[in-house]
Amino acid sequence: MSILRVALDVPLDTLFDYLDAGHQAEVGMRVLVPFGRRQMVGVVLEIVEQSQLDNDALKPVLEVYGGEPTLSSEILRLLNFCADYYHYPLGQIVMSVLPGRLREARLALLEKILGYRLSELARQASLEVLPKRALIQRRLWLALEKQGSLTAENLGETSDNWHTAIKAMQAAGWVECVELKHVIPSAPSAIARPALNEDQAAAVEAVTRQLTGFKAWLLHGITGSGKTEVYMRLLESALAAPEAQVLVLVPEINLTPQLQARFKARFPHEPMVALHSQMSDGERLRNWRQAESGLARIVIGTRLSVFTPIPNLKLVVVDEEHDGSYKQQDGMRYSARDVAVVRAKQAGIPIVLGSATPSLETWHNSQAGRYALLTLGQRAVAQSQLPDIITLDARTPQLKDGLTPALINALHDRLAKGEQSLLFINRRGYSPVLLCSACAWVAPCERCSSRLVVHLRQRRLKCHHCGHEERIHVQCPNCGNPDLHPTGHGTQRLEATLAELFPEARVLRVDRDSTRRKGALEDMMAEVHGRRVDILVGTQMLAKGHDFPNLTLVGIIDTDSALFSPDFRAAERLFAQLMQVAGRAGRAEKPGEVLIQTAFPDHVLFEALKRHDYAAFATTLLQERKTAMFPPYCFQALLRAEAQKFEPVRDFIAEAANIAYGLDGAVMVYDPVRPTMARLNGMERAQLLVQAEHRQALQAFLKQWMGMLRSLPLAAKVRWSLDVDPLEI
5 MSILRVALDV PLDTLFDYLD AGHQAEVGMR VLVPFGRRQM VGVVLEIVEQ SQLDNDALKP
65 VLEVYGGEPT LSSEILRLLN FCADYYHYPL GQIVMSVLPG RLREARLALL EKILGYRLSE
125 LARQASLEVL PKRALIQRRL WLALEKQGSL TAENLGETSD NWHTAIKAMQ AAGWVECVEL
185 KHVIPSAPSA IARPALNEDQ AAAVEAVTRQ LTGFKAWLLH GITGSGKTEV YMRLLESALA
245 APEAQVLVLV PEINLTPQLQ ARFKARFPHE PMVALHSQMS DGERLRNWRQ AESGLARIVI
305 GTRLSVFTPI PNLKLVVVDE EHDGSYKQQD GMRYSARDVA VVRAKQAGIP IVLGSATPSL
365 ETWHNSQAGR YALLTLGQRA VAQSQLPDII TLDARTPQLK DGLTPALINA LHDRLAKGEQ
425 SLLFINRRGY SPVLLCSACA WVAPCERCSS RLVVHLRQRR LKCHHCGHEE RIHVQCPNCG
485 NPDLHPTGHG TQRLEATLAE LFPEARVLRV DRDSTRRKGA LEDMMAEVHG RRVDILVGTQ
545 MLAKGHDFPN LTLVGIIDTD SALFSPDFRA AERLFAQLMQ VAGRAGRAEK PGEVLIQTAF
605 PDHVLFEALK RHDYAAFATT LLQERKTAMF PPYCFQALLR AEAQKFEPVR DFIAEAANIA
665 YGLDGAVMVY DPVRPTMARL NGMERAQLLV QAEHRQALQA FLKQWMGMLR SLPLAAKVRW
725 SLDVDPLEI
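Taking this note's numbering, I'd label the letters of the sequence shown as residues 5 to 733.
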């Protein structure tokens, strides 16, 4: 009898053996198995004839979901790589990449997608059988005749009053309701392709010539250089092959709808699906199935989409490849960008990584020849020029609630011209500190090593790390002084300042607090594009992916703290963020200007930013990294541990360090330390960094080390994890 080796969602680095019991399961199929006193869903990863256990000790599988799509051998190969590289239990990885409904102990049935099409009777007749006054019916007839079949959503785009009309057409026998295999794209016709400039044309030609076989391309283009148009031309070429599919990764959910809208307008007849965490379980399963079955030819998604089964994958695009959102920060701490490169290599297909400010790792790979470099050095709109970037000395005593006179004057000027402005401050809330004027007490978070942020409108103090909140104090709990005042600036305080300075201006704040409602961000962007907003106040949500033709001024407030951060990646992140924000200005024919308030106007970062010279700044940073032996000139892994009390954390990390010191290998082991946020959400934390000059040396060390750590008695008393290639230390 065949023995099934099954992956289960348990924190154990092993597969579990079960008897097939005549089910004839195949590798990749979901199964229901007994596990202890409960039943669990797992996935068959191997089928063998012999187990290390006696057959009498093995239990049979309870059910095999054989009629469903399985995880392909290509995806299982990728998941095995991730388990080895990130040193995470394979069973937990396999189950985590499945849609929620496929992790449940039941047959996951798809919700039916109903649509409408012309009946056989109608196809033998003509539009003239309808009354000439039945305008909506005639419009629906033409749409169905052109598309073949349409969903209710598609018909709603044709006419608001489609319900009555379609019922009348059904009653007359002209239309029938049918079940669709996939959602029909709704765009009526493809929009015209814009002409490519010289750089774009060269990039498209270079990649198109090598669409067969693996090759990694870095598309380095300044903001507004038309990277998306290059992506779409490459998709056109890839999709020219019969049944071909493409995968496009985006870093954040709020970038998915706008990119999907552009692709729909360009590829109106290509089935397209999106995948991200804000979808309902049913919607995610349906879209996942369409990708897995080959029906969806374009798959757009966030981080987890890199594991979606796509049988005819011919091209992968990673937009904003530098973005930290591609790195998973819990569970298996993988980089979707890096996994995408591995997937492309395993599949033997090209991958394009796009960014105006590539990560130093990717830039280093392009300079070393591992990736091919494509450069877009001019803006796609011919009349559009890169904005002038000017630093404003924030040490002036004439600040008005954190704003320099020069920035205030620039805002006045844009209002007079009817142009829009954006003020960027990457701190939501009213102010970051509630301070006692007598004893200098500041409101702390009781669960974190952080301070509570003042949210004045709600009269609440909130922790932006753990979510704890409480009422604003009426007097200092330390000395009883009633004079407590907010110190520093956040988006809410900046919004209030602007309302006072420019009472006639229409000010819109865009941050996580103001966009919690579903669809709120889309509504706000519509207001901006409709020119019903004069001044935008926002956080990093506005830093990328948005195109505001009438926005000509960007003001950047309070960025200096990142200049002297202990995190060696802080300068790289700050430069990328400021370059992205600056890129919002002057994207159409109107010239743009960027004003940066700083106490260090001559800093090398700002000098490179003024020249829009990413390459020079990257060269400087790479020289510093090489001297210090930091990535990309070495490879790192970070062991983290946390518990409600510090003692077991301290002891576990110390024991882990002692084991590491005793292992052979060309690996540097740093001393255990507490992170900057030593306490988070009620948990005491500590960490241990290890690094090696060569990836193979680090991986060999980690394999040995992790096996020993799992057997430590203290490992069960703390919550611990390993982060390979960490972004935050």
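Beta carbons are placed, not taken as given, at the ideal position from N, Cα and C, and that holds for glycine.
Three-state secondary structure assigned by DSSP to residue i
| i | result |
| --- | --- |
| Q43 | strand |
| R588 | coil |
| F579 | helix |
| G225 | strand |
| R9 | strand |
| G305 | strand |
| W178 | coil |
| N491 | The amino acid at residue 491 is misidentified as Asn; the sequence shows Thr. Strand, per DSSP. |
| S190 | With a pLDDT of only 49 at S190, under 50, the local geometry of the prediction cannot be trusted, and the value read off the model is given with reservation. DSSP places S190 in coil when its eight states are reduced to three. |
| K219 | strand |
| S435 | strand |
| E50 | strand |
| S363 | coil |
| R2 | No answer is possible for residue 2: the residues shown for the chain start at 5 and end at 733. |
| Y375 | coil |
| A138 | coil |
| A206 | helix |
| D729 | coil |
| A566 | helix |
Pick from the options that is closest to residue i, judged by C-alpha positions
| i | options | result |
| --- | --- | --- |
| I97 | R432, Q141, L49, L131 | L49 |
| G433 | T366, L525, T543, Q350 | T543 |
| L718 | V653, Y674, L731 | V653 |
| V208 | Y235, T216, P553 | Y235 |
| P275 | T306, W367, L154, K63 | L154 |
| P553 | R535, D606, G559 | R535 |
| L364 | E651, L625, R699 | L625 |
| I79 | W178, F311, T602 | F311 |
| P93 | G686, D13, R81 | D13 |
| I51 | L8, F39, P64 | L8 |
| S229 | S359, A547, L19 | S359 |
| G596 | D551, P486, D675 | D551 |
| G46 | G32, G40, Q54 | G32 |
| A245 | A398, L317, L726 | L317 |
| L419 | P507, T395, S453, V345 | P507 |
| A647 | Q262, G686, A612 | G686 |
| A575 | I560, E531, R629, M529 | R629 |
| S715 | V10, S6, L16 | L16 |
Any non-hydrogen atom of the ligand MN closer than 7 angstroms to residue i Cβ
| i | result |
| --- | --- |
| T680 | The ligand MN is absent from the structure shown, which contains no ligand whatsoever. |
Short CB-CB distance (under 8 angstroms) between residue i and chain C
| i | result |
| --- | --- |
| V437 | Of the protein chains in this structure there is only one, and it is not chain C. |
Extent of the continuous beta strand (DSSP E) run through residue i
| i | result |
| --- | --- |
| A642 | Ala is not the amino acid found at residue 642; the sequence shown has Leu there. Here the beta strand (DSSP E) through L642 covers 639-647. |
| C443 | That residue, C443, is in no beta strand (DSSP E); it is neither H nor E in DSSP. |
| T556 | 555-560 |
| M276 | 276-279 |
| I657 | Note, I657: premise wrong, no beta strand (DSSP E); alpha helix (DSSP H) at 650-666. |
| T623 | Counting along the chain, T623 falls outside any beta strand (DSSP E), though it belongs to the alpha helix (DSSP H) covering 618-632. |
| D397 | 392-397 |
| F267 | No beta strand (DSSP E) holds F267; the alpha helix (DSSP H) holding it covers 260-270. |
| I600 | 597-602 |
Residues bridged to residue i [DSSP beta-bridge criterion]
| i | result |
| --- | --- |
| K331 | S339 |
| F428 | G542, I560 |
| T155 | G119 |
Start and end residues, alpha helix (DSSP H) containing residue i
| i | result |
| --- | --- |
| F705 | 699-714 |
| L419 | 409-421 |
| L83 | 77-90 |
| K404 | Looking at the DSSP string, K404 is not in any alpha helix (DSSP H), and its letter there is neither H nor E. |
| M529 | 524-533 |
| F572 | Premise fails: F572 is in no alpha helix (DSSP H) and is neither H nor E. |
* Are at least three pairs of beta-carbons, each pair with one atom in the region 279-288 and one in the region 344-360, less than 8 angstroms apart? -> Output reads no: the region 344-360 does not touch the region 279-288.
* Between the region 56-66 and the region 77-95, do three or more beta carbon pairs fall short of 8 angstroms? -> Short answer: they don't touch.
* To do: Please confirm if the region 238-253 is in contact with the region 596-607, defined as three or more CB-CB distances below 8 angstroms between the two stretches.
  => Counting Cβ pairs under 8 angstroms, fewer than three are found: no touch.
* Inter-stretch contact at 8 angstroms, needing at least 3 Cβ pairs: the region 483-498 / the region 423-432 -> The answer is yes - the region 423-432 touches the region 483-498, with three or more Cβ pairs under 8 angstroms.
* Asked: Are there three or more Cβ pairs, one per stretch, closer than 8 angstroms when the region 244-258 is compared with the region 292-312?
  -> The answer is yes - the region 292-312 touches the region 244-258, with three or more Cβ pairs under 8 angstroms.
* Asked: Counting pairs of Cβ atoms below 8 angstroms between the region 473-490 and the region 516-528, do you hit three or more?
  -> At 8 angstroms Cβ cutoff, the stretches do not touch.
* Is there contact here, the region 447-459 with the region 681-696, by at least three beta-carbon pairs under 8 angstroms? -> In the pairwise beta carbon analysis, the region 447-459 is classified as touching the region 681-696: at least three pairs are separated by under 8 angstroms.
* **Three CB pairs or more closer than 8 angstroms across the region 377-397 and the region 203-223** => The region 377-397 is in contact with the region 203-223.
* Determine, using beta-carbon pairs with one atom in the region 327-338 and one in the region 220-228, whether at least three such pairs fall under 8 angstroms. => Taking 8 angstroms as the limit for Cβ pairs, the verdict is that the region 220-228 does not touch the region 327-338.
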